[in-house]
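Numbering (the numbering used here), first residue to last: 1 to 364. Each residue gets a CB set at the ideal place from its N, CA and C atoms; glycine is no exception.
Written as structure tokens, this is what we have:
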């Protein structure tokens, strides 16, 4: 294993180094030496020792570089929004792609953010991650926006006032991030991929974007309901097209002498279609009202909770101020008592207060 001024790495050590570097994200030479050669003296645990040189030479032969010292940071804590995004999209996206979407840049696997995302995805049930059902939806079939720029373009396509990309507010960025997450859910991708017509896809997408682009606080159940609502919009549109087509056929039949029987069946079909349309519109109205009411109640509750917290803070501040004033009054009272006591020991002051001179006191 060891020559005069050279260390020959074993196959097991080479495998360990690869695993530490590629999977563990350990790139600092001092850490690598300490982990691969745990029994050597502390003074040899750097890149200048024969042990460090052996590891650097091996990694260099594989096109990998090391750093002198570790730049370790505290573990990255994923927010609830990031967790939701990872859970909703791990079926259709790789960890690297999800990180790029979340943070707007390519993330190195050695970074804490990447490790946190990767670790969270590993906790998700294998039936959810990369399932065969999801692979049936071809990525090239429909491409939801993956970054802020594309999401803004999609919003401005369907929303009249839209978003000024040169004057983004913090609330705008939050809205955009959540919309990207909504549009990467399996339910959304599955639904939009079911439409063979590009017009239907755009109608579905436009409805969903208009309904949800300014609602960053939706629960997963509410997202599913907005998907259903957008699908109902497509259904209503298709019924209208059918009614128009039937109406054209009815007009043609009215001009023909032998078209009376056909006209009766067409009228029945039109009435049936119109009934379906009215039912569809009613479903949309009911669902939309339910969603509005549910969200309004949640926001109202949240406002009340925030107000309660503010009231508690104000009460605490008032109580603290009151205690300070009481304490100050007690200090002043104590100081006054001490001053009065000091004065009461002065015979001359007492005599003056009583209106007596020293001669009157002595001679009666």
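Residue state for residue 335 is assigned as helix, using DSSP reduced to three classes.
One thing to note: residue 206 has its Cβ no nearer than 7 Å to the Cβ of residue 277. Just measuring C-alpha positions, the residue of 83, 67, 280 and 11 sitting nearest residue 110 is 67. For the pair residue 54 and residue 112, the Cα-to-Cα distance works out to about 27 Å. For residue 120, the enclosing alpha helix (DSSP H) starts and ends at 112 to 122. Considering only 194, 149, 197 and 187, the residue with the shortest C-alpha distance to residue 177 is 149.
Check the Cα spacing between residue 96 and each of 42, 76 and 121: the tightest is with 121.
The three-state reading of DSSP puts residue 223 in helix, counting H, G and I together. Taking all protein chains in view, the Cβ of residue 22 is surrounded by fewer than 16 other Cβ atoms within 10 Å, so the residue is classified as exposed.
Annotated three-state conformation of residue 228 is helix, per DSSP. Rounded to whole angstroms, the gap between the alpha carbons of residue 51 and residue 40 is 9 Å. In the three-state reduction of the DSSP assignment, residue 7 falls in the strand class. Distances from the CA of residue 124 to each of 144, 147, 29 and 85 were compared; the closest alpha carbon is that of 85. Under the three-state reduction of DSSP output, residue 75 falls in the coil class, being neither helix nor strand.
Between the stretch 178 to 197 and the stretch 205 to 223, the count of C-beta pairs closer than 8 Å reaches three or more; the two stretches touch. Taking the C-beta atoms as reference points, residue 9 is found no nearer than 7 Å to residue 44. The stretch 195 to 206 and the stretch 230 to 242 touch, with three or more beta-carbon pairs separated by less than 8 Å. Just measuring C-alpha positions, the residue of 339, 82 and 146 sitting nearest residue 104 is 146. The beta carbon of residue 14 sits closer than 8 Å to the beta carbons of 58 from its chain, once the five residues preceding and following it are set aside; these are given in chain order. A straight line joining the alpha-carbon of residue 143 with that of residue 195 spans about 14 Å.
Scanning its chain for C-beta atoms nearer than 8 Å, with the 5 sequence neighbours on each side dropped, one finds around residue 238 the residues 200, in chain order. In the structure shown, the three-state DSSP call for residue 236 is helix.
In the DSSP assignment, residue 67 is bridged to 28. By the C-beta density criterion, residue 245 is exposed, having fewer than 16 other C-beta atoms within 10 angstroms. Annotated three-state conformation of residue 159 is coil, per DSSP. With a 10 Å radius around the Cβ and a threshold of 16 neighbouring Cβ atoms, residue 7 comes out buried.
Under the three-state reduction of DSSP output, residue 280 falls in the helix class. In the assembly as shown, residue 49 is a buried residue. Its beta-carbon has 16 or more other beta-carbons within 10 Å. One thing to note: residue 187 has its Cβ within 7 Å of the Cβ of residue 224. For residue 29 against residue 46, the beta-carbon gap comes to about 7 Å, under 8 Å, which counts as contact. Burial of residue 89 is indicated by the presence of at least 16 other C-beta atoms within 10 angstroms of its C-beta.
If you draw a straight line from the Cα of residue 183 to the Cα of residue 151, it is about 10 Å long.
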